[in-house]
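Colleague: Residue numbering for the sequence shown follows our numbering, starting at 450 and increasing by one per position. All C-beta atoms, glycine included, are put in the ideal place defined by N, C-alpha and C. Quick caveat, the model's predicted, so the values are computed rather than measured. Quick one: the structure is below, and I'll ask about it shortly.
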Amino acid sequence: MRYLGLDVGQVRVGVALSDEGGTIAFPFGVLSRTTCIDQIRAIAVDQSVATVVIGESLDLDGNENEVMRDVRDLAKQLKKSVPVVFEPEQFSTQAASRLGKGTDAEAAAIILQSYLDRVSENKGA
Numbered sequence: 450m451r452y453l454g455l456d457v458g459q460v461r462v463g464v465a466l467s468d469e470g471g472t473i474a475f476p477f478g479v480l481s482r483t484t485c486i487d488q489i490r491a492i493a494v495d496q497s498v499a500t501v502v503i504g505e506s507l508d509l510d511g512n513e514n515e516v517m518r519d520v521r522d523l524a525k526q527l528k529k530s531v532p533v534v535f536e537p538e539q540f541s542t543q544a545a546s547r548l549g550k551g552t553d554a555e556a557a558a559i560i561l562q563s564y565l566d567r568v569s570e571n572k573g574a
């Protein structure tokens, strides 16, 4: 089962894809925020994606920040064609930068890997 991870920003959307077993996340690419919906749907179909994992953008107090409204709108549009779940994304971009990558695709991979690890832990419990 493949998963698609998204790090949604105001200008760009980082995209990550899991392996077929749904255990490891890999950076996949970066899309323009204004034209990404159809591209994400096409990737989901082409790669046989079961679920899209979108980074949930919250402030340090756990409240939705200004980007989250756009994120929820994107999720609503995607839910028409593929299941969507949210994964907390605090500091994913900073973590990608510390790893020396710093791109939106790497941040999406960090978000997706967090989700995959959490789901895997819950299955084993």
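Comparing C-alpha positions only, which one of 500, 490 and 512 sits nearest to residue 467?
Modeller: The residue you call residue 467 lines up with position 18 of the sequence shown. Ranking the options by Cα distance to residue 467, first place goes to 500.
Colleague: Is it right to say residue 460 is buried, meaning 16 or more other beta carbons lie within 10 angstroms of its own, or is it exposed?
Modeller: Numbered from 1 along the sequence shown, position 11 holds the residue referred to as residue 460. That one is exposed.
Colleague: Got a sec? Which residues, its chain only, sit under 7 Å from residue 565 by beta carbon, not counting five neighbours each side?
Modeller: For the purposes of this step, residue 565 is identified with residue 116 of the sequence shown, where counting begins at 1. So the list reads 452, 467, 471, 472 and 474, once near-sequence residues are dropped.
Colleague: Only counting the same chain, and skipping five residues up and downstream in sequence, which positions put a Cβ closer than 8 Å to that of residue 569?
Modeller: Indexing the sequence shown from 1 puts residue 569 at position 120. Result list for residue 569: 472, in chain order.
Colleague: Tell me where the alpha helix (DSSP H) around residue 515 begins and ends.
Modeller: Within the sequence shown, numbered from 1, the residue matching residue 515 stands at position 66. Going by DSSP, residue 515 is part of the alpha helix (DSSP H) stretching over 515-527.
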